[in-house]
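Residue numbers (this note's numbering), protein chains in the order written: chain Y, 1 to 467; chain W, 1 to 434. Okay, structure first, notes after.
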């Protein structure tokens, strides 16, 4: 018996096999798709070239190096109207990043507090938080921004109200309808940089110390000594209360930096909750972040250097001169309104994320940890938080991304962010719509891709390794 | 053994004691208070703070918005005079008269007054087109139109009593009555397919009703405004972004590398830039990319951009649903010999879409809220109308009433959508419980 042929019969290639035969179909579809896309692009580009020619325009970026001829009132770097369009764009970009960073921090604080309180057993508090979350989630952000801008402009006193004998009393921080004035640190001489350097070194030192103490614990099983909870919090609170003075500011800044860097999601809300409300679990979580050695390394050297060098950093307080305040840092009304609106709006979304994250960890996990003999703070840190964070962090970061993109609504209230400078006044003055919008999109794309690659990195780090 | 037992009985009470009622502090209202509001020191503190906040907020707000409000006036100055006359010097109250006077403008924008029945009919038909998609029967349509007609009748009576003109015999009323009858007699599940035909044709009907053409007098789209514009952009974006989003999601999941990378590029690009930049593209840039001489209107360009924007987000939501399906489902579809599209249509997508419903509705809500951004490129949606109204010398200086009204309207729509999504989740989960 002989086998005449092996395998299926080989038919000759026919043209209809391109879309009926599995072997050729996928290639065929892709070639078609590629061609369609390229033709489409060619068509669009061709139209654009044609249109630009008809209008007598060209496509180049030289306008960026021409004087901008407009003023920007809120700025982080030196700028005046004779500077170039490129510098104006940089000022705008920095303003976007400023409001995004401020918004992300406050939105997280608000969101975590609201999310935790929404699960509270306290009926009235839980209902109030539900009202907050639903109210902000279901009304467009633009309306909130305009609304809060109106509140700032209409309900706060104007600088004029502070004038004269019977005027309002201006404190270290002045809230007016033209913006908030806060004290600005002033470096009086070069020695101030030494203090700053020591402060930065001690922040680095804290992290080195923390790594070392973890290592130590891993090797020997011994925990390094911790301050008692009340003392830790007394120090943190004192730093906060003393916020009006230079020393207080330094203390507060050091603590804040370490905690914001080490654990932005957990620290501020938990500190707030534990200070104000005394909720057990939150206090434990916050306590374990502040060990005695941390505080010594963090604060003592800076304070000693500060006084040894004769207090080289002073605070400049806002003062009423004529019709307005001078001195200090002036945060414009538009910045304040945008910041508050973005924080409150995004905070409502974060609250839901946090609530879902906490609810996703089953109660059995807590019970299992107690059964193993873990103390409550260890349970929180080692068992509950890592699992909840895995659920919370990815959507949280995409909320940060949304906040950054939403900050482009600044244009509605005249805050000069990237959209307001590059996509607003520069575009209108130079008429270079295509170049400006391309640059604007590129900026937002870079920010988005950076943030989302950070998210991917985190995701791959905390991913459950399944068998 | 029995000896020890007998011995120990000496210490056991011979009969069971009567069960005592729970202490009064743990039951009833008092118990509820203790349990929910004052269970610990911190809890009590929070309760007191919250109650203090509510006492600070609610009475003042109520006083302003209801007790001292004015509904009929022709200008803000008149409003303030009425309030001063009624409640004394220094009293402040809401001047809802601005809403009363500008209500039509807030709803229709600058749509010609004599043609406003057309958006009304389009809205009612929209309701009729959506109900068969959302619910099993047409009861919701019947009830909704019933409420509408009763409200209209009451309003007609009120207008007659106060001597105002109100035309109850409008085409809207007629269409509402006809649809109500149809919903009542042919509203069962067995007639659902026929209603879905209406849904299929709805975009065409709505286009002719709103823009005119053929039988109707044409209306330029720059006259669209107010919530009419919000609805046009929102509904079109929602309806068009779902199929586009499904295609993009399938493309991103497909094993054809070219197709996949095109979809990824598109989705990531759109998701990486804010909507406002895309709206700028629509308002100043899109015309550059079209053949010379073409010039189609701004609202259409905005619709295209909003749809593209929403479809990228939709694609990611649906991709989540596709990824959540177990691999076995795909393999089962293949092993049954279904082609790719058959398998998708019959096996994969029904399940994947069901999983992604919460995300889809969230995207819808987001899109609906994002329609307000068109105010920035000078379209007159409700937010865009605020400035012209405030610039009017009659209403110069009015703020809270307008923001409040627009915010409440958006809240009703968005909150309604999220409630429906929760209802749908429960309904679909019920089919999983066997």
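Quick reminder that beta carbons are idealized off the backbone N, C-alpha and C, glycines included. For clarity, every value in this text was computed on a predicted model and none was experimentally measured.
Proximity to residue i [Cα-Cα], best of the options
| i | options | result |
| --- | --- | --- |
| residue 342(Y) | 413(Y), 436(Y), 141(Y) | 141(Y) |
| residue 119(W) | 394(W), 427(W), 232(W) | 232(W) |
| residue 368(W) | 239(W), 317(W), 190(W) | 239(W) |
| residue 348(W) | 406(W), 327(W), 236(W) | 327(W) |
| residue 389(W) | 110(W), 295(W), 302(W) | 110(W) |
| residue 90(Y) | 118(Y), 68(Y), 144(Y), 104(Y) | 68(Y) |
| residue 363(Y) | 385(Y), 123(Y), 346(Y) | 385(Y) |
| residue 101(W) | 401(W), 384(W), 35(W), 300(W) | 401(W) |
| residue 435(Y) | 14(Y), 48(Y), 18(Y), 22(Y) | 48(Y) |
| residue 258(W) | 21(Y), 33(Y), 18(Y), 13(Y) | 33(Y) |
| residue 109(Y) | 348(Y), 41(Y), 119(Y), 76(Y) | 348(Y) |
| residue 337(Y) | 456(Y), 433(Y), 179(Y) | 179(Y) |
| residue 444(Y) | 370(W), 270(W), 323(W), 122(W) | 270(W) |
| residue 235(W) | 38(W), 304(W), 17(W), 317(W) | 304(W) |
Cβ shell of residue i (< 8 angstroms), same chain only, five flanking positions each side left out
| i | result |
| --- | --- |
| residue 87(W) | 68, 93 |
| residue 441(W) | Missing from the structure shown is residue 441(W); chain W here goes from 1 to 434 and no further. |
| residue 64(W) | 92, 93, 94 |
| residue 449(Y) | none |
| residue 73(Y) | 332, 416 |
| residue 65(Y) | 84, 85, 86 |
| residue 151(W) | none |
| residue 397(Y) | 451, 452, 454, 455, 458 |
Contact set for residue i: own chain, Cβ-Cβ below 7 angstroms, skip 5 residues either direction
| i | result |
| --- | --- |
| residue 198(Y) | 301, 302, 305 |
| residue 228(Y) | Any reading at residue 228(Y) must be qualified, since the residue scores a pLDDT of 39, below 50, and its modelled position is unreliable; the value itself is stated next. Around residue 228(Y): no qualifying Cβ. |
| residue 388(Y) | 357, 358, 360, 361 |
| residue 339(W) | none |
| residue 393(Y) | 458 |
| residue 358(W) | 421, 425 |
| residue 188(W) | 137 |
| residue 319(W) | 249, 252, 253 |
For residue i, the first and last residue of its enclosing alpha helix (DSSP H)
| i | result |
| --- | --- |
| residue 80(W) | 76–87 |
| residue 102(W) | 97–108 |
| residue 235(W) | 226–253 |
| residue 331(Y) | It is not in any alpha helix (DSSP H) - residue 331(Y) instead sits in the beta strand (DSSP E) that spans 329–332. |
| residue 47(W) | 41–62 |
| residue 27(Y) | 22–54 |
| residue 315(Y) | Segment 313–316 is the beta strand (DSSP E) holding residue 315(Y); no alpha helix (DSSP H) there. |
| residue 199(W) | 192–211 |
| residue 127(Y) | 123–137 |
6 angstroms Cβ shell around residue i - same chain, five flanking residues per side excluded
| i | result |
| --- | --- |
| residue 419(Y) | 408, 411 |
| residue 315(W) | 245, 248, 249, 267 |
| residue 39(Y) | none |
| residue 377(W) | 279, 283 |
| residue 106(Y) | 343 |
Start and end residues, beta strand (DSSP E) containing residue i
| i | result |
| --- | --- |
| residue 181(Y) | 179–182 |
| residue 324(Y) | 324–326 |
| residue 175(Y) | 174–176 |
| residue 321(Y) | 319–321 |
Residues from the segment 132–144 of chain Y in contact with chain W, defined by Cβ distance under 9 angstroms: 134, 135, 137, 138, 139, 140, 141, 142, 143, 144
Just by C-beta distance, which residues in the segment 45–64 of chain W are closer than 9 angstroms to chain Y? 45, 46, 47, 49, 50, 51, 53, 54
Cβ contact check for the segment 365–383 of chain W and the segment 124–143 of chain Y: 3 or more pairs under 8 angstroms: yes
So if I threshold CB-CB distances at 8 angstroms, which residues from the segment 46–66 of chain Y count as touching chain W? 47, 48, 50, 51, 52, 54
Relative to chain W, which residues along the segment 114–126 of chain Y have a C-beta separation below 7 angstroms, given in chain order? 121, 122, 123, 124, 125
Relative to chain W, which residues along the segment 29–45 of chain Y have a C-beta separation below 7 angstroms, given in chain order? 29, 30, 33, 34, 37, 44
Pull out every residue of the segment 416–446 of chain Y whose Cβ sits closer than 8 angstroms to any Cβ of chain A, in chain order. The chain inventory of the structure shown lacks chain A, comprising the protein chains Y and W.
Are there three or more Cβ pairs, one per stretch, closer than 8 angstroms when the segment 52–60 of chain Y is compared with the segment 379–391 of chain Y? no
Could you tell me whether the segment 23–34 of chain Y touches the segment 248–265 of chain W, where touching means 3 or more Cβ pairs closer than 8 angstroms? yes
The segment 394–415 of chain W: positions lying closer than 7 angstroms to chain Y by Cβ: 399, 403, 406, 407, 410, 411, 414, 415
Count Cβ pairs between the segment 77–92 of chain Y and the segment 318–326 of chain Y that sit closer than 8 angstroms; are there 3 or more? no
Taking only beta carbons into account, state which residues of the segment 194–217 of chain Y come closer than 8 angstroms to chain W, listed in chain order. none
Inter-stretch contact (C-beta, 8 angstroms, three-pair minimum) for the segment 201–209 of chain W and the segment 221–230 of chain W: no
Taking 8 angstroms as the threshold, find out whether the segment 38–53 of chain W comes into contact with the segment 121–129 of chain Y through three or more Cβ pairs. yes
Would you call the segment 71–80 of chain W in contact with the segment 176–191 of chain W, where contact means no fewer than 3 C-beta pairs closer than 8 angstroms? no
Residues within the segment 76–101 of chain W neighbouring chain Y, beta-carbon criterion of under 8 angstroms: none
Please determine if the segment 174–186 of chain W and the segment 132–146 of chain W are in contact, where contact requires at least 3 C-beta pairs separated by less than 8 angstroms. yes
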